[in-house]
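Protein sequences appear in the order of chains B and R. Position one of the first sequence corresponds to residue 912 (the numbering used here), numbered consecutively onward. Position one of the second sequence corresponds to residue 912 (the numbering used here), numbered consecutively onward. We treat Cβ as the ideally placed atom computed from N, Cα and C, and that holds for glycine. For clarity, every value in this text was computed on a predicted model and none was experimentally measured. Worksheet: the structure to be examined is printed underneath.
2 protein chains.
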Amino acid sequence: MKACVLYSGGKDSSLMGIILDQLGFDVELVTANFGVYDSFHPAQKSAESIGLKHKVLNLDISILEKAVDMIMEDGFPNDGIKYLHEAVVEEVANHYELVADGTRRDDKTPKLNRNQIRSLEDRKDIQYMNLDSFGYKTIKYLVNNLFELKHEKSNKDTSSDYEVEIRLLIDKKGGNSSDIFPEHYQTNVSGLKKQINRI
Amino acid sequence: MKACVLYSGGKDSSLMGIILDQLGFDVELVTANFGVYDSFHPAQKSAESIGLKHKVLNLDISILEKAVDMIMEDGFPNDGIKYLHEAVVEEVANHYELVADGTRRDDKTPKLNRNQIRSLEDRKDIQYMNLDSFGYKTIKYLVNNLFELKHEKSNKDTSSDYEVEIRLLIDKKGGNSSDIFPEHYQTNVSGLKKQINRI
Chain B
912 MKACVLYSGG
922 KDSSLMGIIL
932 DQLGFDVELV
942 TANFGVYDSF
952 HPAQKSAESI
962 GLKHKVLNLD
972 ISILEKAVDM
982 IMEDGFPNDG
992 IKYLHEAVVE
1002 EVANHYELVA
1012 DGTRRDDKTP
1022 KLNRNQIRSL
1032 EDRKDIQYMN
1042 LDSFGYKTIK
1052 YLVNNLFELK
1062 HEKSNKDTSS
1072 DYEVEIRLLI
1082 DKKGGNSSDI
1092 FPEHYQTNVS
1102 GLKKQINRI
Chain R
912 MKACVLYSGG
922 KDSSLMGIIL
932 DQLGFDVELV
942 TANFGVYDSF
952 HPAQKSAESI
962 GLKHKVLNLD
972 ISILEKAVDM
982 IMEDGFPNDG
992 IKYLHEAVVE
1002 EVANHYELVA
1012 DGTRRDDKTP
1022 KLNRNQIRSL
1032 EDRKDIQYMN
1042 LDSFGYKTIK
1052 YLVNNLFELK
1062 HEKSNKDTSS
1072 DYEVEIRLLI
1082 DKKGGNSSDI
1092 FPEHYQTNVS
1102 GLKKQINRI
């Protein structure tokens, strides 16, 4: 069965990809892009480093624009990113039997709640998966056990998060994205420590 | 890392065992027993059929007695089974770094909620896992893909569920367990359809 994992190149979505691959799904790691900037390259590189297929899903800029409007109005990114993530999930659900993301048990946002998950699965007749089975300690253990990691300052050439295109569009619209997003470090997956065996 | 999966021989706890095994944990499938009846044999057989270690955890009958008192008072098994499951989880958490069970996203009871999980992980300094990542459709797909299954009437020689010892103790105490538990069928795992490869 074909399974899509929404993919940033980070630890969580990489772990989700490996778990589904091990369980025998035909995994495609998918990074959404809205045409503002080719921010998918770091994710593409991470996907290659763990031996899984990668695809770019080109989505209409109007989705990103609505998210950016929300974020500029709020002065705070959470609700806009939540909106964006949900819109991306809805879109990929039209193309795959199973849709997964790397949201974890201890995450708050962006994350689909139980009711949103059931609604999505029923409306689109798909399966949805996230990392709700896993606490932060287990994910830390698995990630350190499985992956080579690269820790670096997050910017438009090191990150494939939604944040990259959001920031660029905010600045294009005359806003100041640095007021909204603090400078931060991020961890990308850059290889496998062990051989992964599929069922 | 040693991981314990609370194990009945059923589909869900078997899937949990396979996932942890694949992820590289040293898995022990553990069936609780309260000394009323050696109800662990079906689970032992299922564990062997999927190539994972099995252990019986002997627990004090007082835990079962409290659960049975609750069930006889309620005339309904849910709260007593919930109490029993939680007591068993607390006990195994003293012996393992990771404790898992086969409760699923769409299950209601017996199931630890998020607050209980966080409390358990903090108090016992362990990791806890369940099948919250997985919806019923995904579990059905995986189970049918991975396991040989045996569907049969549930009784004391085919089941390793908590129910077996609960029923026997209710009847011993002069109650009528058939009034509380309806006759039902159950599915035990009896083999693997594919070779499982560990990381």
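### Query
Any idea if residue 945/B is buried or exposed, counting beta-carbon neighbours within 10 angstroms, 16 or more meaning buried?
As a working note, residue 945/B is residue 34 in the first sequence. Buried is the call here.
### Query
Is the region 930 to 950 of chain B touching the region 929 to 939 of chain R in the sense that three or more CB pairs, one from each, lie closer than 8 Å?
yes
### Query
Do the region 1063 to 1079 of chain R and the region 1088 to 1106 of chain B meet, that is, are 3 or more Cβ pairs less than 8 Å apart?
no
### Task
Count the other CB atoms, across all protein chains shown, that sit within 10 Å of the CB of residue 1055/R; report buried if there are 16 or more and exposed otherwise.
Position 144 of the second sequence holds residue 1055/R. Flag for residue 1055/R reads exposed.
### Query
Comparing alpha-carbon positions, which option in 948/B, 1049/B and 941/B lies nearest residue 963/B?
Along the first sequence, one-based indexing puts residue 963/B at 52. That would be 941/B, whose Cα lies nearest to the Cα of residue 963/B.
### Query
Exposed or buried, what is residue 1012/B when buried is set at 16 or more other beta-carbons lying within 10 Å of its beta-carbon?
Position 101 of the first sequence, counting from 1, holds the residue named residue 1012/B. So residue 1012/B counts as buried.
### Task
Could you tell me which chain B residues have their CB closer than 7 Å to the CB of residue 1038/R, listed as they occur along the chain?
The residue given as residue 1038/R occupies position 127 in the second sequence. Those within 7 Å of residue 1038/R in chain B are 1046, 1048 and 1049.
### Message
Assuming the contact rule is C-beta atoms closer than 8 Å, residue 999/R and residue 954/R should be a hit. Round their C-beta distance to whole Å, please.
### Response
For this step, residue 999/R is matched to residue 88 along the second sequence. For this step, residue 954/R is matched to residue 43 along the second sequence. Their Cβ separation, rounded to whole angstroms, is 13 Å, which puts residue 999/R and residue 954/R out of contact at 8 Å.
### Query
How about residue 1108/B: is its C-beta nearer than 8 Å to some C-beta of chain R?
On the first sequence, residue 1108/B is found 197 positions in, with the first residue counted as 1. By this cut-off, residue 1108/B is an interface position.
### Query
Between the region 925 to 947 of chain R and chain A, which residues of the former have CB atoms less than 8 Å from a CB of the latter, in chain order?
In the structure shown, chain A does not exist; the protein chains are B and R.
### Query
Can you name the start and end residues of the beta strand (DSSP E) that residue 954/B belongs to?
On the first sequence, residue 954/B is found 43 positions in, with the first residue counted as 1. Here residue 954/B belongs to no beta strand (DSSP E); instead the alpha helix (DSSP H) covers 952 to 960.
### Message
Using the three-state DSSP reduction, which class does residue 942/B fall into: helix, strand or coil?
### Response
The count along the first sequence starts at 1 and reaches residue 942/B at position 31. Strand.
### Task
Return the first residue and the last residue of the beta strand (DSSP E) that residue 984/R is part of.
Locating residue 984/R in the second sequence gives position 73, where the first residue counts as 1. Run containing residue 984/R: none in the beta strand (DSSP E); it sits in the alpha helix (DSSP H), 972 to 985.
### Query
For residue 1032/B, which residues in chain R fall below 8 Å Cβ to Cβ?
As a position in the first sequence, residue 1032/B is number 121, starting the count at 1. Those within 8 Å of residue 1032/B in chain R are 1046 and 1048.
### Message
Here's a check: name, in chain order, each residue in its chain whose Cβ is nearer than 8 Å to the Cβ of residue 1074/B, leaving out the five neighbours to either side.
### Response
Locating residue 1074/B in the first sequence gives position 163, counting from the first residue. Closer than 8 Å at the Cβ level, and outside the excluded window around residue 1074/B, lie 988, 992, 1065 and 1092.
### Task
State the CB to CB distance for the pair residue 1037/R and residue 1001/R, rounded to an integer number of angstroms; the pair is presumed to be in contact (CB under 8 Å).
Start at 1 with the first residue of the second sequence, and residue 1037/R comes out as number 126. Start at 1 with the first residue of the second sequence, and residue 1001/R comes out as number 90. Contact doesn't hold; Cβ gap of about 11 Å is too wide.
#### Entry: Listed by chain order, chain R residues near residue 1042/B by CB distance under 8 Å
Taking the first residue of the first sequence as 1, we reach residue 1042/B at position 131. Near residue 1042/B (Cβ distances below 8 Å), the residues of chain R are 1044.
### Query
Going by Cα to Cα distance, which pick from 1010/R, 950/R and 994/R is closest to residue 1021/R?
For the purposes of this step, residue 1021/R is taken as residue 110 along the second sequence, with counting starting at 1. Cα-wise, what sits closest to residue 1021/R is 994/R.
#### Entry: Under 8 Å by beta carbon: chain B residues contacting residue 1016/R
Working through the second sequence from its first residue, we reach residue 1016/R at position 105. Ordered by position in chain B, the residues that pass the 8 Å Cβ test against residue 1016/R are 1025, 1028 and 1043.
### Message
Tell me which residues share the same chain as residue 982/R and place their Cβ nearer than 8 Å to its Cβ, disregarding the 5 neighbours each side in the sequence.
### Response
Taking the second sequence and counting its residues from 1, the one referred to as residue 982/R is at position 71. The residues are 988, 990, 991, 992, 1077, 1081 and 1091.
### Task
Taking only beta-carbon positions, decide if residue 1096/R is within less than 8 Å of chain B.
Numbered from its first residue, the second sequence carries residue 1096/R at position 185. Closer than 8 Å: no.
### Query
Between 1089/R, 1058/R, 1087/R and 978/R, which lies nearest to residue 961/R when the distance is taken from Cα to Cα?
Along the second sequence, one-based indexing puts residue 961/R at 50. For the residues 1089/R, 1058/R, 1087/R and 978/R, the minimum Cα distance to residue 961/R belongs to 1058/R.
### Below-8 Å beta-carbon distance, residue 918/B vs any chain R residue
Residue numbering aside, residue 918/B sits at position 7 when the first sequence is read from its first letter. Not an interface residue.
### Task
Answer with buried or exposed for residue 1063/B, where buried requires no fewer than 16 other C-beta atoms within 10 angstroms of its C-beta.
Locating residue 1063/B in the first sequence gives position 152, counting from the first residue. Residue 1063/B comes out exposed.
### Message
Quick check: is the beta carbon of residue 981/R nearer than 8 Å to any beta carbon in chain B?
### Response
Numbered from its first residue, the second sequence carries residue 981/R at position 70. Chain B contact via Cβ: absent.
#### Entry: Exposed unless 16 or more other CB atoms sit within 10 angstroms - verdict on residue 1047/R
By one-based count along the second sequence, residue 1047/R stands at place 136. Under this definition residue 1047/R is an exposed residue.
#### Entry: Under 8 Å from the C-beta of residue 1009/R: neighbouring residues of chain B
The residue you call residue 1009/R lines up with position 98 of the second sequence. Going along chain B in sequence order, the residues near residue 1009/R (Cβ under 8 Å) are 1049.
### Query
What in chain R is Cβ-close to residue 1056/B, meaning under 7 Å?
For this step, residue 1056/B is matched to residue 145 along the first sequence. Within chain R, the residues near residue 1056/B are 935.
### Task
Specify, as a first and last residue, the run of the beta strand (DSSP E) that residue 913/B falls within.
As a position in the first sequence, residue 913/B is number 2, starting the count at 1. Start and end: 913 to 917.
### Query
Relative to chain R, which residues along the region 1056 to 1075 of chain B have a C-beta separation below 8 Å, given in chain order?
1056 and 1057
### N- and C-terminal bounds of the beta strand (DSSP E) containing residue 1038/B
Taking the first sequence and counting its residues from 1, the one referred to as residue 1038/B is at position 127. Per DSSP, residue 1038/B belongs to the beta strand (DSSP E) from 1038 to 1042.
### Query
What residues of chain B sit near residue 1053/R, judged by a beta carbon separation below 7 Å?
Counting from 1 along the second sequence, the entry for residue 1053/R is found at position 142. By Cβ distance, chain B contributes 934.
### Task
Reducing DSSP to helix, strand and coil, say where residue 937/B ends up.
Reading the first sequence from its first residue, position 26 is the one you call residue 937/B. If DSSP states are grouped into helix, strand and coil, residue 937/B belongs with the strands.
### Query
Cβ atoms of residue 1042/R and residue 1025/R: under 8 Å apart, would you say?
Working through the second sequence from its first residue, we reach residue 1025/R at position 114. Working through the second sequence from its first residue, we reach residue 1042/R at position 131. Cβ atoms of residue 1025/R and residue 1042/R: not closer than 8 Å.
### Message
Report the CB separation of residue 957/R from residue 1099/R in whole angstroms; it is logged as a contact under 8 Å.
### Response
For the purposes of this step, residue 957/R is taken as residue 46 along the second sequence, with counting starting at 1. For the purposes of this step, residue 1099/R is taken as residue 188 along the second sequence, with counting starting at 1. So it is a contact: roughly 5 Å between Cβ atoms.
### Message
Which of the three DSSP states is assigned to residue 1053/R in this structure?
### Response
Taking the first residue of the second sequence as position 1, residue 1053/R is located at position 142. Looking at residue 1053/R - three-state DSSP - the assignment turns out to be helix.
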